[in-house]
Structures are given as C-alpha cells and as structure tokens.
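Trainee: So the sequence shown is numbered by my numbering: it starts at 241 and just counts up by one.
Even glycine gets a Cβ: it sits at the ideal position worked out from N, Cα and C.
From a predicted model like this one, the values you see are computed outputs, not experimental measurements.
Got a structure for you, written out below as structure tokens; questions coming shortly.
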Amino acid sequence: MEQTHRRSWLVLKFGGTSVSSDDCWKTIVARARQGVKDGQAVMIVVSALSGVTNLLTRMAAGMDAADRQRILDELDQKHQQLFNALGLKPGGRFLEHWNSLHAVVKQLSTPCNPESFANLLAHGELLSSSIGQQILTSFGVDTTWQDARGLLTAMPDTLPGEWLSVRCDDRPDPGLAERLSSKVLVHITQGFIASGPGGMTCLLGRGGSDTSAAYLAARLQADALEIWTDVPGIFSADPRVVPEARLLKQLSYSEAQEMASMGAKVLHPPSIQPARRQSIPVYIRDTNRPAEDGTRIGEHGSAADAQVKGVVSRSEITLISMENPSMWRQAGFLADAFAVFKRHGYSVDLISTSESTVTVSLDSQASTTLDSSRMTAFLEDLAALCQVEVRSGCVSISLVGNAIRTILGRLSAALDVFQDRHIHMVTQSANDLNLTLVVDPEHAVSLVRKLHQSLIASQADSRPEFGPSWVELTRASAPADQPQSWWKTEAPRLVGLMKGRKSAYVYHLDTARAAARRLLGLKSVERVLYAVKANDHKALLRTFASEALGFECVSMNEVRHVLKTVQGLQPRNILFTPNFAPRDEYQAALKAGLQLTVDNSWAIHQWPELFAGRDIFLRLDLETGYGHHRKVITSGADSKFGISLQHMEALRDVLERNGTRVTGLHAHTGSGVIDARVWGEQLDRLLDAAAGFPDVRVLDLGGGFGVPERSSQPVFDLPALDRLLAAKMADSGLEIWLEPGRYLAADCGVLLARVTQLKTKGQYDYLGIATGMNSLIRPALYGSYHEIVNLDRMDEAAVRNYRVVGPICESGDVIGESRLLPESMAGDILLIANAGAYGRVMASHYNRRPPAIELTL
241 MEQTHRRSWL VLKFGGTSVS SDDCWKTIVA RARQGVKDGQ AVMIVVSALS
291 GVTNLLTRMA AGMDAADRQR ILDELDQKHQ QLFNALGLKP GGRFLEHWNS
341 LHAVVKQLST PCNPESFANL LAHGELLSSS IGQQILTSFG VDTTWQDARG
391 LLTAMPDTLP GEWLSVRCDD RPDPGLAERL SSKVLVHITQ GFIASGPGGM
441 TCLLGRGGSD TSAAYLAARL QADALEIWTD VPGIFSADPR VVPEARLLKQ
491 LSYSEAQEMA SMGAKVLHPP SIQPARRQSI PVYIRDTNRP AEDGTRIGEH
541 GSAADAQVKG VVSRSEITLI SMENPSMWRQ AGFLADAFAV FKRHGYSVDL
591 ISTSESTVTV SLDSQASTTL DSSRMTAFLE DLAALCQVEV RSGCVSISLV
641 GNAIRTILGR LSAALDVFQD RHIHMVTQSA NDLNLTLVVD PEHAVSLVRK
691 LHQSLIASQA DSRPEFGPSW VELTRASAPA DQPQSWWKTE APRLVGLMKG
741 RKSAYVYHLD TARAAARRLL GLKSVERVLY AVKANDHKAL LRTFASEALG
791 FECVSMNEVR HVLKTVQGLQ PRNILFTPNF APRDEYQAAL KAGLQLTVDN
841 SWAIHQWPEL FAGRDIFLRL DLETGYGHHR KVITSGADSK FGISLQHMEA
891 LRDVLERNGT RVTGLHAHTG SGVIDARVWG EQLDRLLDAA AGFPDVRVLD
941 LGGGFGVPER SSQPVFDLPA LDRLLAAKMA DSGLEIWLEP GRYLAADCGV
991 LLARVTQLKT KGQYDYLGIA TGMNSLIRPA LYGSYHEIVN LDRMDEAAVR
1041 NYRVVGPICE SGDVIGESRL LPESMAGDIL LIANAGAYGR VMASHYNRRP
1091 PAIELTL
C-alpha cells in the first residue's frame, strides 16, 4: 500500500502593528514565499489592525448613534489608509465583513451582552484577514481565506460566562492538515476568535491571537510557530522601562510561560502550552527587522544553570485578603473560600498564607467580564466566610529564571532595593521559576530598573543566553554630535607613548573639550560645573576652565587643588558640596566665598550660627534613585546623601530664625543613567520643593549622564534633555545648573597596559596585564564594562575569549570578562577605553604596586 507523504506546516502569526503598514506586509509576503519555497504549507494568522480592537470595545459601551458613527468613520479611515498605501481597492470579502460590522453595530444593545460583544470584536480580525488575502494575491501568492471559526472550536465544557476567554481543542488533526494542504499552500485566517456552542462566535481573550496560532500549530503538527511582532524577541525586562534590557536568545517552554504569565507582554501566556505539548519550537521575531533571529522557545538543550533571566512586572493587580482567626487548623477553609471564587468565575493567580490570613491576587487573564456588579456579589459571598480586604491598582514584580530557590542567597543584595517600600505580598512559585513581590505602583519602575541592573545587566556579558540590549538593537536615543573613538585614529601615537613603559593613562584633551561644548550648547541650562572628583588632572581642569566651566568640589583639598591649578579662578565659580565633612571645612568654604551646599539637616540644627545670615544651597533626597549600579545610586533611604523631604518643615523654621537664605536646591539621583526622563522627574520634584523657599533662584540637577560602554550603543540624547527641561522651566524665573563628571571625562581617557603573561585553566583563557584594580577599580567595584582592544593587533581577527586580569593579589582583580580579542602575546599593548573618569583618582598602591602614570595628548 502506497504511503502518503505528509507535507510539513509553518504557522506564522502577525500582530496588530505587523499588519498595519505596507512595509510590514512586504515582510509577510516574503516570509510566506520562503515557506513555500522550503516545501512547507503556510498558515498565516493575523490580528486586527493596530487600535481597531480598542475602537470596537469602545462601541460596546453606552454610546449614541453619532458617537458610533464617528468610530466607524475612524475604522474606515484606518483600513482605507492601508489599501491606499498598497495601491489596492476594497474587495468583495472585505466589503462583506464591513457591511456585516455595520449591521452588528446597528443592533447593539446597552449593556452589550457577551455574545454580541464577541461578534462585534471578531470583525477586527475578519477585516484584517480579508485585506491580507487581497494583498497576498496581489503579490502573486495564491492564498485561501479561512474562517477561524471553522478551524478552532471552544471546549465542550465552555460556560456562557467564559465566551470571551475560551479554551480550544489543540489535539493534532492529520485530516485537517492534509485537507488544507492538498488545495493551496498558503492560507490566511484570524486570530482571537473561535466557534462556540451552536456555532456562535467566541473570543480567546485580549492578546489571544498568539494562542490561536499555537492551537493551529498543534492541530496541524507544524514544524515551527513564528510569532511576528514589533520587537525583536523577548527581553530581560520591558525595554520601555529598562532600555538596557537584553534580548533573550533562548528560553525553555517553562521560562517563556513564566515570563509571559508574570508580565512580559510579547507573548500571550496560554500560547505556550499547545506548542509545548506537541514539541513545536516557537520563534519570536520582529516584522520590521526580519533579518534578526529573535528568541527561540523550546526544550532545554544542555543542563540549565540557575540564573535570573528576567525582571517583569504587571500593573493593575487586585489583591484579596481573607482574615479569619478561626481558620487556623480548620480543615476546608480554603476549599470553601475558593468555591466562592469558582462560583463567580474568578481565577486565583498568586497566593500567600499565614495562620489566620490568606492573600491572593486575581488572575487578570482569566477574569474577563463586562458586568461590574459581579465583583460586588463575589465579595458579599466571600464576606460570609471571613473578613475581606481588597487592594486594587498594585504592581507585581517577578524575578523569573531557572532554579530560583538555589540562588536566593545571591538575591539578598538585590533585594535591598525594597528597603522602605511597602511590600503587600511575597510568593515563590512551586515550579521554582519565579519569586514575586507585590508593591505600590509609585515604586514599581525604579525597583524594576534596579533589580535588572543588579541581577542581570552586571552579569549578562558573560552569559551566552543574553543577546544585545534594546538600545543596541534599536538605537532608540537620537544620535548626538559626539566624536567616535578618538583612540582609533591616534593608535600609532599611543603605541609610541608606551615605549619603555608598562602602563599609562592617556587623556585626549580635544575630546574633553568637545564634551564640554556639547553641554554648554544646552539652551535650558544656565551653568555647567565639572565634578572634580571624576578626574582632577591639571591639564583637564585647565581645559575645562578655558571652556568657561565652573567646578564642583566635595572636599576642601579639591578646592585648594583647583584654585592652585587654574590661575585667576574666582571662588564664586566653585560649588562646594561636602558630605559628612567636619565643621572646619564648612567654615573654610564660607570664609573663602564659595557657594556652599549643605546635605544634612543635622549640621544646620547643630551649627545654626555657622550659617546665620548666609546664602546656601540644600541638597535634597528626592527618594527615587537611578544608576548603572546600586553603589552609584545617590538617592533613597539606602543612600547617605541628601536631606530627607520629611525634615523640610522643621528645617525651614531653623533657617528662618537664623536668617539663612536658601538660594538653590540640589539633587543627584545616581550615575550612568541614559534616560533623559529621569531629569524631568527630578526637576518636577525640585520645583515642588522650591515652593517652600522664596529665595531659591537655582535648581541644580547634578550629573549622572550615561556614557556608552560599547561603540554600538547610542550616546545620551542631550537634545531631548534640553527640550524636556526647557518645557518644564518656561516662565519659572529659575536657573538650571548641571555638574557632570563622567560625561565630561570618561571618553577622553584610556588606560594602556602591556600583556605580562597568559594562562589556560578550565574553561578560561587568562590574559594578564601590567596593572589592574590598583589603577582601575571600577570593574571590581561596580561591575562596569570597558571596551578592551589589542593596539598591536587591531587589524587581526578576534579569535579567542580572554579573561583580562591584573597583577593584584585579589580574585576580584578582573578588568574584563570574556573579551573576544586576537591571539595575544606577552608585550602586546592593551587599551581599556572610557577610563578617563573615576580611574586614576580612585587608584591605590595596594600590594605596593604604583598605579599607571598620567599622560596627555
């Protein structure tokens, strides 16, 4: 008997943004053609055009005929724009569904029942798939339109209350696969919709198009499922919140499920299981960047290391706390309580328990309803069992990864960021894949950023599962006029400087000058002061003074050094900002006529006569800090800097009694920040605080502008910062000052060091250099990244991953992990880039090894 060859299937799902432009449709056409060329039958699953489902949802609310017509006109415009962009006119099937939509809208009742609501929303996908068939056909791709309600059927036990979030049968159907592929090779259908009891239209919940595609991939026993969206994969955090989030190149089914369930919005959580049950690999790809590999989801290959892969969050979390002292040792309380949840159709997500209280969160994915009275009835029934407290609008933050229990000890430092934040719930998943905390929404963004930095960003470079960052892939920040790696053109001179030397810092003064001019070009900023602590080399100080920069000092020794180095410098051009300094430094600063910043209310309360009749600045703690590492975050209760806002009222009384005038307010939240919006947040809070000080004329926003660590990263978007500050300061009558350090000095400096020895041990190839953490402690102290190149072999291919280490007797003396370099030899000169700030000034003679000398170009 002859055996029929089964054609392989490829299922492609395209989201709303991926079907809304002509360019994206060209990607869809090309991918469908490639699938056919590879011998596959192709099922294309599409969402509604971007924004269409939201418009249809609005129509389901109480609206008069005129409002509904306005929405219909907007829907018409959206679809017509796509037709026009592709040079097409609406065809028969599209017009059929368009007329059907009008009929449905005309018959809508208020309130809209679930059956009508499902039928209304289904038209978004019916329209987009109809356009899709026309587009594919116009490009010469023979395509059959399929009604998803003939391909997917809700499970038989579906209840009327579940019609808006159904589950479907995903068992393989070889007959369906053969029947479809025997006619044409390309099919297009709708996501989000399925048939229910009696053939009625049901929905798979918001975001359900991913799940539709997964169901179809399982039924067709597809070779692969590709989810095409507007991002190039799943990231270690939401890139809108954490631009440094890293692409996750590979995830297991379990990890992806956890990421999606706990808040990663790239993938609909229920879409993983159908693919997992049939061992179908899932690829997350970007329609705008079809050449990118994206994220692959499948079975774990080799043994999975314990590792935090993502920091994800979900907003609008509702917590239900049930308290009943008699529940302790009472059998069946949870069963009785959860029976109430089941009766009202609420699914529980997170849970934590104690002797007398159980707290749960509601599963927002499963709890879909149009009837707001359902919650009231639910709470009334639950109150018969216990005292109920509801807390809405919370945010959950989840650390997701493999074997979370085994790395709890390593999480302790990272969890310090929750100090002084109210945590409403802590849970650790039974599958050992996540640790979740529920907090108030105002803390969520800063906590996600800090956790990502301490748990992922500081280790990602040495982990193969992490790909490039969001900013590297998208170049989200606008480019600025920043010179490119001066040391590449100056390499011959740098090699010449190293003749007879083992190590040296070299500063390129023209690069420092260019950085100063970029800052001086900001129209919204009145004064720029250089933070001397970043690098106090005399040539740099004179260079910045020649560009009319002022100076910010944190010790009187820095002040004396600047005054001695820069001839003719007036004391008024120095801002003195000590921290826990002795009284005599404050006295000396005031006597010298420096502008003094006080960052501790204790000093004012204890030494009121010192500041009587004086003009001073106050450094405030604005409670929210940012930075590339927790050790450079300079705001919040965990930081020693700044005056707490809680102490302002008592402080004002002392200042008024002593005639002390506050003429400036200062804030600095941290270093290495790349998001200009952080300074907008600071400015808003300073403006609020300034209302309590009538003499204030200056708002000092500190520094902390991020400097690219890799050549592929974008520079800080200074024009965006300028626009943001200017908009907020319009008509305020106040001045903005800045006091950057690293931004001005980092890029101008490099550390050069000769290779001394090489060693291979285990999986590591060690490359030793003549100086280490005694010259540059930032990698050991902050986990900072510095680009490393072999100056003697810049034209040779990079072939070996080295761990670059120094000669200091400390295991932490590592300058760079896993650096891909040419085959290197003793005597070669390595260049460590971006070393002009917090390098030589933080050096030591540890092990009695002198740090690198300093030279200038």
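Under a three-way DSSP split, which group does V990 fall into?
Mentor: strand
Trainee: Classify P704: buried if its beta carbon has 16 or more other beta carbons within 10 angstroms, exposed otherwise.
Mentor: Per the 10 Å Cβ criterion, exposed.
Trainee: Looking at S370 and F334, is the spacing between their C-beta atoms short of 8 Å?
Mentor: Yes, the pair counts as a contact, with Cβ atoms nearer than the cut-off.
Trainee: So, with DSSP's three-state summary, where would you put I873?
Mentor: Only weak support exists for where I873 lies, its pLDDT of 42 falling under 50; the value from the coordinates is given anyway. I873 falls in the strand class under three-state DSSP.
Trainee: Where does F784 fall in DSSP's three states?
Mentor: helix
Trainee: Taking 8 Å as the CB-CB cut-off, is V838 touching chain C?
Mentor: Absent from the structure is chain C; it holds one protein chain and no more.
Trainee: Taking F379 as the reference, give the member of T267, A434, K1001 and L312 with the closest Cα.
Mentor: T267
Trainee: Please report the straight-line C-alpha distance between G279 and I311, rounded to a whole angstrom.
Mentor: 43 Å
Trainee: Should the segment 1014-1032 be called in touch with the segment 1080-1093, which here means at least 3 C-beta pairs below 8 Å?
Mentor: yes
Trainee: Less than 8 Å between the beta carbons of L745 and G1079, yes or no?
Mentor: The sequence shown places Tyr at residue 745, not Leu. Cβ distance < 8 Å, so Y745 and G1079 count as in contact.
Trainee: Our contact map puts V679 next to V635 with C-beta atoms below 8 Å; I'd like the distance itself, whole angstroms only.
Mentor: Their Cβ separation, rounded to whole angstroms, is 6 Å, which keeps V679 and V635 in contact under 8 Å.
Trainee: Output yes or no for whether 8 Å exceeds the beta carbon distance between L491 and I474.
Mentor: Between L491 and I474, the C-beta spacing is below 8 Å.
Trainee: For the structure I just gave you, are there three or more beta carbon pairs, one from the segment 979-991 and one from the segment 765-780, closer than 8 Å?
Mentor: yes
Trainee: The beta strand (DSSP E) spanning P708 covers which residue range?
Mentor: F706 to S709
Trainee: Where does P732 land, buried or exposed, given buried means 16+ other C-beta within 10 angstroms?
Mentor: Within 10 angstroms of the beta-carbon of P732 lie fewer than 16 other beta-carbons, which makes it exposed.
Trainee: Please report how far the alpha carbon of C1049 lies from the alpha carbon of M1013, in whole angstroms.
Mentor: The straight-line gap from Cα to Cα measures roughly 10 Å.
Trainee: Give me whichever residues DSSP pairs with Q430 in a beta bridge.
Mentor: Here Q430 is bridged, per DSSP, to V286.
Trainee: Apart from the five residues just before and just after L425, which ones in its own chain have a Cβ nearer than 6 Å to its Cβ?
Mentor: V276 and A281
Trainee: Output needed for R1089: all residues of its chain with C-beta closer than 8 Å, excluding positions within five of it in sequence on either side, in chain order.
Mentor: T1011, N1014, P1047 and I1048
Trainee: Quick check on W265: buried or exposed, where buried means 16 or more other Cβ atoms within 10 Å of its Cβ?
Mentor: buried
Trainee: Can at least three beta-carbon pairs, one atom from the segment 817-824 and one from the segment 914-924, be found at a separation below 8 Å?
Mentor: Under the three-pair Cβ rule at 8 Å, the segment 817-824 does not count as touching the segment 914-924.
Trainee: Rounded to whole angstroms, what is the Cα-Cα separation between G331 and Q374?
Mentor: 7 Å
Trainee: Excluding the 5 residues flanking P1103 on each side, which residues of the same chain have their C-beta closer than 7 Å to its C-beta?
Mentor: Only positions 241 to 1097 of the chain appear in this structure, which leaves residue 1103 out of reach.
Trainee: Would you identify the three-state DSSP class for W726, choosing helix, strand or coil?
Mentor: helix
Trainee: Where does K526 land, buried or exposed, given buried means 16+ other C-beta within 10 angstroms?
Mentor: The sequence given here has Asp at residue 526, not Lys. That one is buried.
Trainee: Any contact between the segment 353-371 and the segment 292-312? By contact I mean 3 or more CB pairs, one from each, below 8 Å.
Mentor: yes
Trainee: Do the segment 957-975 and the segment 1020-1030 make contact, defined as three or more Cβ pairs closer than 8 Å?
Mentor: no
Trainee: Reducing DSSP to helix, strand and coil, say where H906 ends up.
Mentor: strand
Trainee: I'd like the list of long-range same chain contacts for P472, defined as Cβ closer than 6 Å, with 5 residues on each side in sequence excluded.
Mentor: D526, R529, E532, G534 and L713
Trainee: At 4 residues or longer, what runs of the alpha helix (DSSP H) sit wholly inside the segment 505-589?
Mentor: 512-517 and 573-583
Trainee: Tell me whether R854 sits in a helix, a strand or coil according to DSSP, three-state version.
Mentor: coil
Trainee: Give me the Cα-Cα distance between R517 and R247, rounded to the nearest whole angstrom.
Mentor: Computed Cα separation, rounded: 20 Å.
Trainee: Is the distance from the Cβ of A575 to the Cβ of A515 below 8 Å?
Mentor: no
Trainee: Would a C-beta distance cut-off of 8 Å place L1071 and W726 closer than the cut-off?
Mentor: no
Trainee: Between the Cα of R689 and those of Q513, L860, A643 and P479, spot the shortest distance and give me the residue it belongs to.
Mentor: P479
Trainee: How many whole angstroms separate the CB atoms of S764 and A966, which I take to be in contact at a CB cut-off of 8 Å?
Mentor: 4 Å
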